[in-house]
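The structure under discussion appears below in the form of structure tokens.
Numbering (the UniProt record's numbering), first residue to last: 1 to 138.
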């Protein structure tokens with residue numbers, strides 16, 4: 001039990017990342033999200049190359065070497081063929097990107113596409129929560 005106290009508070013707080021809850025700092029790894037198509041006003045339009053996952057709104061978007069370039073603003077298109085608009089961070093201009101430049105996302109900020117398909121949300125709604133509630137009520 002001795003070493004648990006030593007590392008716990010200081011180690012967790014030292015990084016300082018997750019406390020605010022909004023910006024956890026750069027992730028350890030990123031996965032390709034899609035490629036740049038064109039600027040639209042100040043935003044970047046990205047054709048998403050993943051077809052089994054959907055990024056969170058406001059999920060940070062990165063370059064390959066994990067420099068943040070912006071965050072996801074809107075998601076549009078067909079379920080299996082969709083696009084996102086990315087609102088660039090300060091100092092980044094949408095027009096500075098070239099067609100087909102890859103952009104990347106933290107895999108933790110993705111949802112399975114099934115969440116967005118018709119009929120998908122039914123099983124979790126009935127199952128998990130009801131059972132948990134019953135157990136707690138005893």
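Heads up, the beta-carbon is just placed ideally off N, CA and C, and yes, glycines get one too.
Residue i, buried or exposed, once every other Cβ within 10 Å from all chains shown has been counted against 16
i           : result
residue 70  : buried
residue 111 : exposed
residue 109 : buried
residue 106 : buried
residue 32  : exposed
residue 99  : exposed
residue 79  : exposed
residue 25  : exposed
residue 85  : buried
residue 34  : buried
residue 116 : exposed
residue 118 : exposed
residue 97  : buried
residue 36  : buried
Where residue i falls: helix, strand or coil (DSSP)
i           : result
residue 53  : strand
residue 115 : helix
residue 107 : helix
Beta-ladder partner(s) of residue i, from DSSP
i          : result
residue 47 : 35 and 83
residue 88 : 70
Opening and closing residue of the beta strand (DSSP E) in which residue i lies
i          : result
residue 69 : 68-78
residue 60 : 60-62
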